[in-house]
Amino acid sequence: MSPATSSGGAAVPDDDSLLASLRYLFADIIGDEDEGPPVLPEACPDHLGPAVTELIDLLIAYQSTSYAQLYIDRLKRFVGRRGVDDALLADIARLMAERMAYEDAIRIAQLKLGEVNAAGGLAARSADDVKKFRLDELIDALPEMVADPILAVLDQFGWRRRRVSIRFSANNRFSVRRLRIEAGLKRWRLFSGRYARERVWVERWLHMIDRSLTKQPAAAPAVVQTATMIQGYGDPYRQGIADWHVIIDGLVKPTFDGVLALPDLAAAIAEARGAIMPDPRQAALKRKIAEIRARVPAALSPSP
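As structure tokens, then:
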């Protein structure tokens, strides 16, 4: 189910995700456990079972068992689907889990805390990780009801894009205690604006895969692999998201809608991705997409 949208068109968490977040919060307070881990889809190939089980464990640690169940529910759309072989299903499973476990400050704290747990304490000290975030990026991981007023204040002072360095350290008891507090903020993650946007993105990506299997099955692997355009946090993350939408809106969706008669969508996606530059204006990418679109009528017209 897609999240609801506000009057301004911005995605907001739907009632289900809101209730889920409250359940996670109160389970943490009263000490209740989530239900057991979700089970693999019945038609999932046996040899993919261990890999998918590992991804389920990743998402349970990242958020909760209910979040991992959402992952399985999404994956079920493609298990046993015509045109989805084992390799394509494995790519969908892996890339979807990577995207659902998106990198934010909470995730970095979780990973750093994992180093402590793996070492069994502070005896084996790890190097500090210093990450640079924009202020709005940090605030955006908080519940929207908290984040929105803070962002409004930042806007007044022109500080929204100001960068700050955050040190993630596990070298003493105080720093480990801070990591535990930061990692514990995952209970609020599903209230955040970042989560709402990530949920919309995953659903759109899955929808494009579904349409590709119907309209241009040969292009489905290329559509699946577009998820690799989006990585990390900060400027690279924002650039990847923007580039992805330009390719989807300029080539993929028009082809599926019948507006653009691209005979080889996979090749067009690869050509467009090859033109990507670290440019917020996306000039080279947009120019390449215009070139690809301009070639279509000539390529489809009968020879003289």
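To convert, count from 1 in the sequence shown and add 5; that's this note's numbering.
Built from N, CA and C at the ideal position, the CB exists for glycine as well.
Note that the structure is a prediction, hence the values are computed from the model and not measured.
Contacts around T260, its chain only, beta-carbon distance under 6 Å, and the 5 residues preceding and following it disregarded: Sequence index remark: in the sequence shown, residue 260 carries index 255 (1-based). Once the five neighbours on either side are set aside, the close Cβ partners of T260 are L267, L270.
Any contact of the region 181-199 with the region 223-237, i.e. 3+ C-beta pairs under 8 Å? no
Quick one: which unbroken alpha helix (DSSP H) runs of 4-plus residues sit fully inside the region 79-108? Chain order, please. For the region 79-108, whole alpha helix (DSSP H) runs of length 4 or above, ordered along the chain, are 91-105.
Assuming the contact rule is C-beta atoms closer than 8 Å, F173 and K136 should be a hit. Round their C-beta distance to whole Å, please. Position 168 of the sequence shown, counted from the start, is the residue given in the question as residue 173. Position 131 of the sequence shown, counted from the start, is the residue given in the question as residue 136. So it is a contact: roughly 7 Å between Cβ atoms.
Every unbroken alpha helix (DSSP H) inside the region 193-268 [4 residues or more]: 198-220, 225-230, 239-252, 258-262
Outcome for A132 when other beta-carbon atoms lying within 10 angstroms are tallied against a minimum of 16: The count along the sequence shown starts at 1 and reaches residue 132 at position 127. Answer is exposed; the Cβ neighbour count stays below 16.
As a quick exercise: from F162, V158, W210, G198, pick the residue whose alpha carbon is nearest that of M150. Residue numbering aside, residue 150 sits at position 145 when the sequence shown is read from its first letter. Considering only F162, V158, W210, G198, the residue with the shortest C-alpha distance to M150 is G198.
R172 - DSSP class collapsed to helix/strand/coil: If you number the sequence shown from 1, residue 172 lands on position 167. Strand at R172.
Helix, strand or coil: how does DSSP classify V135 here? For the purposes of this step, residue 135 is taken as residue 130 along the sequence shown, with counting starting at 1. Strand at V135.
For D145, count the other beta carbons within 10 Å of its own beta carbon; 16 or more makes it buried, fewer makes it exposed. Which is it? Position 140 of the sequence shown, counted from the first residue, corresponds to residue 145. Flag for D145 reads buried.
At the level of alpha carbons, what is the spacing between V205 and M213? Start at 1 with the first residue of the sequence shown, and residue 205 comes out as number 200. Start at 1 with the first residue of the sequence shown, and residue 213 comes out as number 208. Each residue's alpha carbon lies about 12 Å from the other.
Cβ distance (whole Å) where E330 is taken to contact Y238 below 8 Å: Here the chain comprises residues numbered 6 to 309, so residue 330 is not present and cannot be evaluated.
Alpha-carbon spacing of D91 relative to V84, whole angstroms: Here the question's residue 91 lines up with position 86 in the sequence shown. Here the question's residue 84 lines up with position 79 in the sequence shown. Their backbone Cα atoms lie some 9 Å apart in a straight line.
What does DSSP give as the partner residue(s) for P148 in the beta ladder? Start at 1 with the first residue of the sequence shown, and residue 148 comes out as number 143. For P148, which the question treats as bridged, DSSP gives the partners S197.
Could you pull the start and end residues of the alpha helix (DSSP H) that V57 belongs to? Taking the sequence shown and counting its residues from 1, one reaches residue 57 at position 52. Element bounds for V57: 54-67.
For V44, which of helix, strand or coil comes out of DSSP? Along the sequence shown, one-based indexing puts residue 44 at 39. Collapsing the DSSP output to three states places V44 in coil.
Sequence-distant residues of its chain with Cβ nearer than 7 Å to L156 (five each side left out): Position 151 of the sequence shown holds residue 156. Answer for L156: D141, I144, R165, listed in chain order.
Does DSSP classify A295 as helix, strand or coil? As a working mapping, residue 295 is identified with position 290 in the sequence shown. A295: helix per DSSP, three-state reduction.
Within a Cβ cutoff of 6 Å, which residues of the same chain sit near Y326, ignoring the five residues on either side of it in sequence? With the chain running from 6 to 309 in the structure shown, residue 326 is simply not present.
So, at 8 Å on beta carbons, what are the nonlocal neighbours of A56 in its own chain, with the 5 sequence-adjacent residues on each side left out? Locating residue 56 in the sequence shown gives position 51, counting from the first residue. A95, A98, R99.
Enumerate in chain order the residues of its own chain whose CB-to-CB distance from I253 is below 8 Å, with the five nearest sequence positions on each side excluded. For the purposes of this step, residue 253 is identified with residue 248 of the sequence shown, where counting begins at 1. Answer for I253: R209, M213, T231, listed in chain order.
Which residues in the same chain as A277 place their Cβ atom closer than 7 Å to its Cβ, once the five residues preceding and following it in sequence are excluded? As a working mapping, residue 277 is identified with position 272 in the sequence shown. Here the set comprises I252, L256, L290, K293, I294, I297.
Relative to the alpha-carbon of L211, which residue among R182, R168, P43, L93 has its alpha-carbon at the smallest distance? Translated into positions along the sequence shown, residue 211 becomes position 206. Each of R182, R168, P43, L93 was checked against the Cα of L211, and the nearest Cα belongs to L93.
Looking only at C-alpha atoms, which of F138, D153, R87, I113 sits nearest to S170? The residue you call residue 170 lines up with position 165 of the sequence shown. Nearest C-alpha to S170: F138.
If we count the other Cβ atoms within 10 Å of its Cβ and call it buried at 16 or more, is A201 buried or exposed? As a working mapping, residue 201 is identified with position 196 in the sequence shown. It counts as buried.
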